[in-house]
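Trainee: Shown below is the structure under consideration.
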Amino acid sequence: MSDLAIVAEWIRDAENVVAFTGAGISTPSGIPDFRSEDSGLWQDVDPQRVASIFGFRREPQAFFDWVRPLTELTMQAKPNPAHDTLVKLEQAGKLTAVITQNIDMLHGKAGNTVVHELHGHMRTATCISCFEQVLAEPIIKQVLEDGKVPHCKCGGVLKPDVILFGEQLPYQVLLDSKKAARAADLIIVIGSSLEVAPASEIPLIAKRNGAKLVIINNEPTIMDRFADKVLLGDAAIVLPEIIACLEASA
Ligand code: NAD
Numbered sequence: 034m035s036d037l038a039i040v041a042e043w044i045r046d047a048e049n050v051v052a053f054t055g056a057g058i059s060t061p062s063g064i065p066d067f068r069s070e071d072s073g074l075w076q077d078v079d080p081q082r083v084a085s086i087f088g089f090r091r092e093p094q095a096f097f098d099w100v101r102p103l104t105e106l107t108m109q110a111k112p113n114p115a116h117d118t119l120v121k122l123e124q125a126g127k128l129t130a131v132i133t134q135n136i137d138m139l140h141g142k143a144g145n146t147v148v149h150e151l152h153g154h155m156r157t158a159t160c161i162s163c164f165e166q167v168l169a170e171p172i173i174k175q176v177l178e179d180g181k182v183p184h185c186k187c188g189g190v191l192k193p194d195v196i197l198f199g200e201q202l203p204y205q206v207l208l209d210s211k212k213a214a215r216a217a218d219l220i221i222v223i224g225s226s227l228e229v230a231p232a233s234e235i236p237l238i239a240k241r242n243g244a245k246l247v248i249i250n251n252e253p254t255i256m257d258r259f260a261d262k263v264l265l266g267d268a269a270i271v272l273p274e275i276i277a278c279l280e281a282s283a
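The sequence shown begins at 34 in my numbering and counts up one residue at a time.
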């Protein structure tokens, strides 16, 4: 039996499938990941300067200059067949939650209803001085137009509600993600290098609680040795192939 057919069988037999996704599920939607050599996102930049909370407080313009092209691509992006497959699995009563490290909101746009966004999202922004939260859309529009640092009514700087290096993960989202992982009998990691902790611990929590672990990625990851099956390839091709196997054996 092929590896695809085996994973399809595991999905058919499972009652509670959870997906854990990273930037790689969204590269077919045109949003680069951080680690692939050709993404360019870390080229000529110091992550601590442009993408940490400490850097943001000191020099917010550096963050907005760096994030502007990524934001533009994110706003234009549409879900791809990998996202759509997760919607199909939810509608089939198999998938109970998507836990994502992505900030691009594509799982929600695709139609998944239970999405735990561990690293935040771009729907809202918060003032780093008075902590008022506002809708992010007008701010994003303004930043894309003029590239200037957005400010709150109080004069403080507005930060999109994405988690930067040095920030805590959103507490309730982390709790909900761990709960979903513990309840899973199959967890499928899709498009993540699994190098960003503590998010990367979630698949191992599921595994320790008896779930099978499947990793779908286009290159090996540091956690492949814990996986019950590793499927190397493009998530936007591999996931629809698994669905095709499921449908063929129905
Ligand atoms: P990562 O960049 O560390 O790893 C992505 C992995 O996906 C890589 O191993 C890469 O080889 C693989 N990959 C790329 N395209 C693929 C495809 N089509 N099919 C299968 N695999 C593919 O990403 P990460 O593990 O999510 O961690 C990086 C951090 O960057 C996260 O915290 C995330 O918040 C953030 N990020 C998010 C976005 C987004 O929201 N779309 C984009 C870039 C970075």
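Idealized CB from N, CA, C, for every residue including glycine.
Answer with buried or exposed for residue 105, where buried requires no fewer than 16 other C-beta atoms within 10 angstroms of its C-beta.
Mentor: Taking the sequence shown and counting its residues from 1, the one referred to as residue 105 is at position 72. With fewer than 16 Cβ atoms within 10 Å of its Cβ, residue 105 is classed as exposed.
Trainee: On the DSSP bridge assignment, give the partners of residue 250 in chain order.
Mentor: Within the sequence shown, residue 250 is the residue found at index 217, counting from 1. Answer is 265, bridged to residue 250.
Trainee: For residue 144, collect the residues of the same chain with a Cβ closer than 6 Å to its Cβ; drop the 5 residues on either side in sequence, then sort them by chain order.
Mentor: Counting from 1 along the sequence shown, the entry for residue 144 is found at position 111. Closer than 6 Å at the Cβ level, and outside the excluded window around residue 144, lie 120.
Trainee: If you follow the beta strand (DSSP E) that residue 193 is in, where does it begin and where does it stop?
Mentor: On the sequence shown, residue 193 is found 160 positions in, with the first residue counted as 1. Here the beta strand (DSSP E) through residue 193 covers 191-195.
Trainee: Are residue 223 and residue 58 close, meaning C-beta to C-beta below 8 Å?
Mentor: Along the sequence shown, one-based indexing puts residue 223 at 190. Along the sequence shown, one-based indexing puts residue 58 at 25. Cβ atoms of residue 223 and residue 58: closer than 8 Å.
Trainee: Quick check on the burial criterion: 16 or more other C-beta atoms within 10 angstroms. Buried or exposed for residue 183?
Mentor: Residue 183 sits at position 150 when you count from the first residue of the sequence shown. Label assigned to residue 183: buried.
Trainee: Alpha carbons only, please: which of 248, 174 and 34 is nearest the one belonging to residue 226?
Mentor: Within the sequence shown, residue 226 is the residue found at index 193, counting from 1. Looking at the Cα atoms, 248 is the closest of the given residues.
Trainee: How far does the beta strand (DSSP E) with residue 150 in it reach, from first residue to last?
Mentor: The sequence position of residue 150 within the sequence shown is 117, counting from 1. Residues 148-150.
Trainee: Taking C-alpha atoms, which residue in 177, 270, 278 and 275 lies nearest to residue 114?
Mentor: Locating residue 114 in the sequence shown gives position 81, counting from the first residue. Selection 177, 270, 278 and 275 evaluated against residue 114 yields 270 as nearest (Cα-Cα).
Trainee: From what residue to what residue does the beta strand (DSSP E) around residue 53 run?
Mentor: As a working mapping, residue 53 is identified with position 20 in the sequence shown. Judged by DSSP secondary structure, residue 53 falls within the beta strand (DSSP E) whose first and last residues are 50-54.
Trainee: Beta-carbon within less than 8 Å of residue 161's beta-carbon, same chain only, minus the 5 sequence neighbours each way: which residues are those?
Mentor: Walking along the sequence shown from the start, residue 161 turns up at place 128. Answer for residue 161: 89, 90, 189, 190, 191 and 192, listed in chain order.
Trainee: Quick one: what's got a C-beta closer than 8 Å to residue 211's C-beta in the same chain, skipping five residues either side?
Mentor: Taking the first residue of the sequence shown as position 1, residue 211 is located at position 178. The residues are 235 and 238.
Trainee: Does the region 256-268 touch the region 37-57, meaning 3 or more C-beta pairs lie closer than 8 Å?
Mentor: yes
Trainee: In this structure, what does DSSP give as the bridge partners for residue 198?
Mentor: Against the sequence shown, residue 198 aligns to sequence position 165. Its beta-bridge partners are 85.
Trainee: Would you list the one or two residues that DSSP bridges to residue 153?
Mentor: Along the sequence shown, one-based indexing puts residue 153 at 120. Per DSSP, 195.
Trainee: Rounding to the nearest angstrom, what Cα-Cα distance links residue 128 and residue 147 in this structure?
Mentor: Taking the first residue of the sequence shown as 1, we reach residue 128 at position 95. Taking the first residue of the sequence shown as 1, we reach residue 147 at position 114. Distance between the alpha carbons of residue 128 and residue 147 is about 9 Å.
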